[in-house]
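Notes follow once the structure below has been shown.
In structure tokens, the structure reads:
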């Protein structure tokens, strides 16, 4: 892609998100989301591959549907209350419709069906943008309006997302689909606690972005998109393979890695709020997700690939890719757990 065009598209992505962050009027927030969608569409279709075009079409249709629902919800709310301010979402029908639209935008269950299919059709850098940056603007709106939305709806969305995110990833062999289901499960963790402690949602979103970026950049460095080629990565880069296993366990939420921190704090908050059954359910669904991360770790570090593999085995080839972002994200994904007391102090 032409570097000038790429610069314009990435700037538009930044502009759309910033516009939604800064807006207090519904139409301005909607405009920011639309700029975001239109800016990432050419990035998704840049390879002119049938899968990429199909993924772009699916993504565009779902995002357009969600944007139309947001417009409809905000118009309904303005009609009932006479207010266009984001914080004045007092009409229950409008608030439910609005939450449904944002759930469709970020891929929460049961509106998650587009997410694995779209991510599977994209290349890894665009998939990374879709899994991280594209979640920021909708989450800004969810955090602002969480207190107006029915708590049982938020709880239902959260529990369903963690369950489906765990179950859906069990039977996958494509790494991008596994990361999509991982994303759905993490979104569930963020939504479940947003009504009680929105600061913890932001902590969980931050750690999710760090860990997912580390995972995507690792796959990009090792040119891997399937589990059977994952088994050959040890021959290319043994150190990267061992750190990748730890990043995957961090995504699963194992101590003493960064991914344990948000899960620990969210379970603690749910218990404080007198919801032990929901906290137990969330902890058990985390075990389902952990299974497929362990499966990836096993394929990477504990198996040697059979000789009948179709791809050529590159023996420790020199890479021309920049490794600084990967290094920074990997260190952050493995070593931020000691920061928990500071995070706890800031969020309470």
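Residue numbers (UniProt numbering): 1 to 348.
Glycine included, every Cβ here is placed at the ideal spot set by N, Cα and C.
Here the alpha carbon of residue 193 sits roughly 18 Å from the alpha carbon of residue 166.
The alpha-carbon separation between residue 131 and residue 272 amounts to approximately 31 Å. Restricting attention to alpha helix (DSSP H) runs no shorter than 4 residues, the stretch 119 to 145 encloses them at 124 to 131 and 133 to 145, ordered along the chain. Residue 94 and residue 160 have their C-alpha atoms spaced approximately 22 Å apart. Buried is the label assigned to residue 116, since at least 16 other Cβ atoms lie within 10 Å of its Cβ.
For the pair residue 77 and residue 37, the Cα-to-Cα distance works out to about 24 Å.
Assignment of beta-bridge partners to residue 226 by DSSP yields 174.
Counting along the chain, residue 78 sits inside the alpha helix (DSSP H) bounded by residues 50 to 81. Look at residue 85 here: in three-state DSSP terms it is strand. Restricting attention to 54, 322 and 204, the CA atom closest to the CA of residue 135 is found in 204. Beta bridge pairing from DSSP links residue 25 with 85.
The C-alpha of residue 209 lies about 25 Å from the C-alpha of residue 149.
When secondary structure is reduced to three states using DSSP, residue 149 falls in the coil class, being assigned neither helix nor strand.
Scanning its chain for C-beta atoms nearer than 8 Å, with the 5 sequence neighbours on each side dropped, one finds around residue 334 the residues 243, 246, 247, 250, 257 and 258, in chain order.
A distance below 8 Å separates the beta carbons of residue 118 and residue 59. Taking residue 74 as reference, the option from 61, 102, 122 and 52 with the minimal CA-CA separation is 102.
Note on geometry: alpha-carbon atoms of residue 206 and residue 183 lie some 13 Å from one another.
Counting the other CB atoms within 10 Å of its CB gives residue 253 a total of 16 or more, which places it among the buried residues. Residue range 276 to 301 is occupied by the alpha helix (DSSP H) that includes residue 282. Nearest to residue 227 by alpha-carbon distance, out of 175, 270, 235 and 265, is 175. The Cβ-Cβ distance between residue 269 and residue 200 falls below 8 Å. Nearest to residue 293 by alpha-carbon distance, out of 261, 265, 343 and 185, is 185. Annotation for residue 12: 35 and 39 place their beta carbon closer than 7 Å to its own, counting only its chain and skipping 5 residues before and after.
Taking all protein chains shown into account, residue 91 has 16 or more neighbouring C-beta atoms within 10 Å of its C-beta and is therefore buried.
If you check the CB distance, residue 45 and residue 56 come in under 8 Å.
Counting other Cβ atoms within 10 Å of its Cβ, residue 320 stays below 16 and is therefore classed as exposed. Annotation for residue 66: 101, 104 and 105 place their beta carbon closer than 6 Å to its own, counting only its chain and skipping 5 residues before and after. Boundaries of the alpha helix (DSSP H) harbouring residue 265: 260 to 272, taken from the DSSP string.
About 7 Å separates the CB atoms of residue 107 and residue 187; that is less than 8 Å, so the two are in contact.
In this structure, DSSP gives residue 196 a state outside helix and strand, which the three-state scheme calls coil. With fewer than 16 neighbouring CB atoms inside 10 Å of its own CB, residue 277 falls in the exposed class.
Straight across, the Cα-Cα distance linking residue 139 with residue 291 is about 28 Å. Spatial neighbours of residue 53 in its own chain (CB-CB distance under 7 Å, excluding positions within 5 residues in sequence) are listed in chain order as 45.
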